[in-house]
Amino acid sequence: MKMRVNKLAAAGTVFIALIAVFAIFAPLIASHDPAGMDTRSVLSPPSREHIFGTDPLGRDVFSRVLYGSRISLSIGIIAVGLSVLTGIFFGSIAGYYGGKIDYAIMRLVDIMLCFPTFFLILAVIAMLEPSIYNIMAVIGLTSWMGVARLVRSEILTLKERDFVAASRIMGAGGSWIIIRHLIPNAIGPVLVNATLGVGGAILIESALSFLGIGVQPPTASWGNILMDGKATLGVAWWVTVFPGAFIFFTVLAYNLLGEGLRDAFEPRLKDRS
Amino acid sequence: MTRYIVRHLAGLIPVFFGITLISFLVMHLAPGGPSDISSSMNPKVSYEARIRLDKLYGLDKPLIVQYKDWLVRVVRFDFGRSFIDDRPVFDKIIEKMPVTIFINLSSLVIILAVGIPIGALSAVRRNGLFDRFSAVFVFAGYSIPEFWLALLLMSVFGISLHWLPISGIKSIDFEYYSLPLKILDVARHLVLPVLLASFGGLAGISRYMRSSMSVVMRQEYIRTARAKGLPERKVIYVHALKNAILPVITILGLSVPALIGGSVIFESIFAIPGMGRLFYESVMARDYSVIMGILSIGAILTLAGNFIADMAYSFADPRIMSGGDGR
Amino acid sequence: MKKNTLEVKGLKTVFDSWQGTVRAVDDVSFNIEENTVFGLVGESGSGKTLTALSILRLIDPPGKITGGSVMFGGVDLLKENEVRLGAVRGNRISMVFQEPGSALDPVFTVGYQLREAIRCHRIVSRGCAEDLAIDSMRKVHIKDPGRVYRDYPHQISGGMKQRVMIAMALINSPELLILDEPTTALDVTIQAEILKLLEEIIAARKMSILFISHDIGLIARMCDNVGVMRKGKLIECQESKLILSDPENEYTSALLKSARALS
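Chains as they are written, first to last, in our numbering: chain A, 7 to 279; chain B, 3 to 329; chain C, 1037 to 1299.
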């Protein structure tokens, strides 16, 4: 195991845990009510009372960032969960049954990959409304293709191996074979994909919220605080810097953890020179 | 050879159908149908007017028929008319497309011109200083929210330092500039958007190139090249590079949708009159025919990009075009 | 007293891995006399290929040559700079590898790669290089060399590829030719053909040859002198006639016995 990468992955895990703590205990840690507007100190720079400063409506940026972490993290995790489940579903069916079903599903994957993801998500959210559940669903249902391909190829490889034939001889039924043997073997790469996916989902959600089509104010999300950041560019650096930095470091942490997991699960790919 | 191209094109047809189908389904996701959306924007629309609208858009016919009609119209590039200003959707898109395509193509050029050398050099001097440094850069590139980076750069270069303009593609007195000044002006406006759009793709391509190059460097034919007495320079930049670049070409095709999608953000932030911003405005205004038009065109552009990348790969890799299996 | 084309003394090559340091070539010494064939025999993993690669300094990290000398033409190859080493490789010492399938660059034509071998050591026009290349292919009995010249590696058979590799090795008339298991990866029928070609080359007696194989019967037949390797060490080194009749080492006898059992 390359020690250096593992140290980074460990750092990533620590940070993820930290943010999780922030998110879970937000109501206890926050210094103010995230929706509470203090009209006397609109757009004030970081101070002892408002450690991240205040936004154009006088709301405390620190508290909003804390509460925003709840939103952004839960959207990220649930969206990825959904995409993994969908991917496993499609991938296993395609891999196991093969033939026309496989062809159809793979064509579906190709088609989905043709759409600029962001366009598709925007279009769908425009059709429905930007509720948090809709956002989770749309992000989840547009990012399952990678997992599906992974699962399918794992199943195709494992199908060739003897123990699947052995199971069949012993009379195990179709889905039993899949669940018992194939999925646990594929779990490694899927986990890597999922971890990296959380980072990606957080980026998408914050982009959506930044454009105004994601989480709607007054509910705070890191992305929509940045909406105010854009409006106050040049005058109030704190509204832009803090939420963005949180997004950056959180996504970075997930990416580091994901890469660390990738090294753990696929040592043969790791260069040794 | 033409047969090969035609065969490949034919394979695109089911994908094309799929694209139109999914666009169609998305269109009808809205509870109450498309006319509901347009009339909800305008409460004065009467019940009879709603029925007329339905008939106009063929929304009273069964879904299959509607899909067939939609398909026919898509092939003719007839995406209907915009809800906002009643202009043909296609016209609106066409006039905004060039800017977006220009920005994305420029990004692509930068991504290739910078990403490939970075990746190759990282692979050749594995785990050296350059490799580690660029690995950090790549991780940052993957993790950073591009719109945040845009805001930061805007505030530094645009506002504090005043070096670069931060909105639009032309300055106010553009008309009065001489030609070289006009070019310079547009260039200055596009520097930030193009650079930002390249950032994510750069990270990806350089990483991919690095791994491709690493795999290639371990191949037997590289050892043969050295054993022949070729200088290391030639071994790397002729043999290794040519082999390593091949898979990167395929990846290029896959980064087209990411680039197009990203243009929504950049064009909105920098107020650039392109397809991305048109999309954003249409989404905000729920102008569903424009939304569908851009979605379909975006997917078709991606299809075209993938196809071109595939063809380029087939030309570059001699194993594909000249078949052959050894006798 | 015949001159020695190659003198290997105390060659040491190691591999560093997280499992420890493996001494792949452990203090190996032998000489190859002018215009003779020296065979290096041993099981897989005995270090014979790595010995050959060390001679030309073709060892990649995590491997490292850590000691010894390789005297060729009055200089120690292990201490030469890269430029001068490049002038020796493919020119005065050539090597043919075991797997012809992967030894040729798939994105360049056969002709290009042959021309490359010529033009990195001599200044000739492209047309002249083409003639030389086609001629070299004729010498290794490739029928229709013109077509093979224009083909890509994937379009020709394994046996043909190995002939091309041999042609490429001989094209600059080297003083030493290293053959690393040249027929092991080929089909049995093709093996016989290539061996015939190699016998012809040996009979012409124009250069020294280092022949590496795991097949002791083959080695004894084709070579003048034999070295037996085991686990990185050279455990016996004799004339081939003597090896067969009077091996000094138990291991050698064991090898001979199993070879006889197979035939």
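From the three backbone atoms N, C-alpha and C, an ideal C-beta is built for every residue, glycine too.
Being a predicted model, the structure only gives us computed values, none of them experimental.
Using a C-beta cutoff of 8 Å, does Ala32 of chain A count as contacting chain B? Answer no: the Cβ-Cβ gap between Ala32 of chain A and chain B never drops below 8 Å.
Consider the Cβ of Tyr239 of chain B: report whether some Cβ of chain C lies at a distance smaller than 8 Å. The beta carbon of Tyr239 of chain B sits no closer than 8 Å to any beta carbon of chain C.
How many Å lie between Pro320 of chain B and Lys244 of chain B at the Cα? Rounded to the nearest angstrom, the two C-alpha atoms are 12 Å apart.
Thinking Tyr245 of chain A and Ile231 of chain A are a contact (beta carbons under 8 Å), I'd like their distance in whole angstroms, please. As written in the sequence, residue 245 of chain A is Val, which differs from the Tyr given in the question. About 7 Å separates the two Cβ atoms, so the contact holds.
Considering only residues of the same chain and omitting the five flanking positions on each side of Asp187 of chain B, which have a CB-CB separation below 8 Å? Residues Lys172, Ser173, Phe176, Tyr179 of the same chain have their beta carbon placed closer than 8 Å to that of Asp187 of chain B, with the five preceding and five following residues left out of the count.
I'd like to know if Leu232 of chain B contacts chain C, where contact means its C-beta is closer than 8 Å to some C-beta of that chain. With 8 Å as the cut-off, Leu232 of chain B counts as an interface residue toward chain C.
Considering only residues of the same chain and omitting the five flanking positions on each side of Thr201 of chain A, which have a CB-CB separation below 7 Å? Same-chain partners within the cutoff: Tyr260, Leu263, Gly264, Leu267.
DSSP on Val196 of chain B, reduced to helix/strand/coil? DSSP places Val196 of chain B in helix when its eight states are reduced to three.
If you draw a straight line from the alpha carbon of Asp1062 of chain C to that of Met1265 of chain C, how long is it in whole angstroms? Using only the alpha carbons, I get a separation of about 10 Å.
Residues of the stretch 1134-1148 of chain C with Cβ closer than 7 Å to any Cβ of chain B, in chain order: Within the stretch 1134-1148 of chain C, the residues whose Cβ lies closer than 7 Å to some Cβ of chain B are Glu1135, Ser1138, Ala1139, Leu1140, Asp1141, Pro1142, Val1143, listed in chain order.
Between the stretch 112-134 of chain A and chain B, which residues of the former have CB atoms less than 9 Å from a CB of the latter, in chain order? The residues in question are Arg113, Leu114, Asp116, Ile117, Met118, Leu119, Cys120, Phe121, Pro122, Thr123, Phe124, Phe125, Leu126, Ile127, Leu128, Ala129, Val130, Ile131, Ala132, Met133, Leu134.
For Ile1202 of chain C and Leu1047 of chain C, I'd like the C-alpha separation in whole angstroms. Ile1202 of chain C and Leu1047 of chain C: Cα-Cα distance of roughly 27 Å.
Grouping DSSP H, G and I as helix and E and B as strand, with all else coil, what is Asp66 of chain A? Here Asp66 of chain A sits in strand by DSSP.
So Ile253 of chain A contacts chain B; which residues on that side make the cut at Cβ distance below 9 Å? Residues of chain B passing the Cβ test: Ser145, Ile146, Pro147, Trp150.
Chain-ordered chain B contacts of Leu217 of chain A [CB-CB under 9 Å]: Scanning chain B for C-beta atoms nearer than 9 Å to the C-beta of Leu217 of chain A yields Phe149, Val266, Ile267, Ser270, Tyr282, Val285, Met286, reported in chain order.
Would Thr226 of chain B pass as an interface residue toward chain C - the criterion being a Cβ-Cβ separation below 8 Å? Yes, its Cβ sits closer than 8 Å to a Cβ of chain C.
From which residue to which residue does the beta strand (DSSP E) around Asp1048 of chain C run? In the sequence under discussion, the amino acid at residue 1048 of chain C is Lys, which differs from the Asp named in the question. Counting along the chain, the beta strand (DSSP E) containing Lys1048 of chain C begins and ends at 1040-1053.
Starting from the C-beta of Pro224 of chain A, find all residues in its chain whose C-beta is less than 7 Å away, skip the five residues before and the five after it, and write them out in chain order. Closer than 7 Å at Cβ, skipping near neighbours: Ala41.
Residue from C:Cys1259, C:Met1243, C:Ile1237, C:Val1184 whose Cα sits closest to the Cα of Arg1128 of chain C: Selected option, being the one with the closest Cα: C:Met1243.
With a threshold of 6 Å on Cβ separation, who are the neighbours of Met156 of chain B within its own chain once the five nearest residues in sequence on each side are excluded? These residues qualify, in order along the chain: Ile168.
For the stretch 1156-1177 of chain C, which residues have a CB atom closer than 9 Å to at least one CB atom of chain B, in sequence order? Answer in chain order: Cys1156, His1157.
Close Cβ partners of Met84 of chain A (< 7 Å) along its chain, the five nearest in sequence each way excluded: A quick correction: the sequence has Ile, not Met, at residue 84 of chain A. For Ile84 of chain A, the CB contacts under 7 Å within the same chain, skipping 5 residues up- and downstream, are Met142 in chain order.
Determine, using beta carbons only, whether Val71 of chain A comes closer than 8 Å to chain B. When Cβ-Cβ separations below 8 Å define contact, Val71 of chain A makes no contact with chain B.
Touch check for the stretch 55-67 of chain A and the stretch 90-99 of chain A: three-plus C-beta pairs under 8 Å? Counting C-beta pairs with one atom in each stretch, the stretch 55-67 of chain A and the stretch 90-99 of chain A have fewer than three that are closer than 8 Å, which means they do not touch.
Using a Cβ-Cβ cut-off of 8 Å, state whether Thr304 of chain B counts as contacting chain A. At least one chain A Cβ lies under 8 Å of Thr304 of chain B.
Mind pulling the alpha helix (DSSP H) runs of 4 or more residues that sit fully within the stretch 213-278 of chain A? For the stretch 213-278 of chain A, whole alpha helix (DSSP H) runs of length 4 or above, ordered along the chain, are 228-237, 243-271.
Use the C-beta contact count for Tyr139 of chain A: other C-beta atoms within 10 angstroms, 16 or more gives buried, fewer gives exposed. Exposed.
Go ahead and label Val8 of chain B buried or exposed: buried means 16 or more other beta carbons lie within 10 angstroms of its beta carbon, across all protein chains shown. By the 16-neighbour rule on beta-carbons within 10 angstroms, Val8 of chain B is exposed.
Let's test the definition: count the other Cβ atoms within 10 Å of the Cβ of Phe317 of chain B and tell me whether it reaches 16, buried, or not, exposed. Here Phe317 of chain B is exposed, its C-beta having fewer than 16 other C-beta atoms within 10 Å.
Since Lys1084 of chain C contacts Ile1248 of chain C with CB under 8 Å, what's their CB separation in whole angstroms? Indeed they touch by this definition, with Cβ atoms about 5 Å apart.
Does Gly1056 of chain C pass the burial test, meaning 16 or more other C-beta atoms within 10 Å, or should it be called exposed? Answer is exposed; the Cβ neighbour count stays below 16.
Report the neighbours of Leu1094 of chain C on chain D: residues whose CB is nearer than 9 Å to its CB, in chain order. Judged by its chain identifiers, the structure shown contains no chain D, and its protein chains are A, B and C.
Buried versus exposed, by CB contacts within 10 Å (16 or more), Ser1289 of chain C: In the assembly as shown, Ser1289 of chain C is an exposed residue. Its beta-carbon has fewer than 16 other beta-carbons within 10 Å.
Three-state secondary structure (DSSP) of Lys217 of chain B: Looking at the sequence provided, one finds Val at residue 217 of chain B rather than Lys. Residue state for Val217 of chain B is assigned as helix, using DSSP reduced to three classes.
Glu1118 of chain C lies in the alpha helix (DSSP H); which residues open and close that run? Unbroken alpha helix (DSSP H) run through Glu1118 of chain C: 1118-1124.
Residue range of the alpha helix (DSSP H) that Gly1103 of chain C falls in? Premise fails: Gly1103 of chain C lies in the beta strand (DSSP E), 1099-1108, not in any alpha helix (DSSP H).
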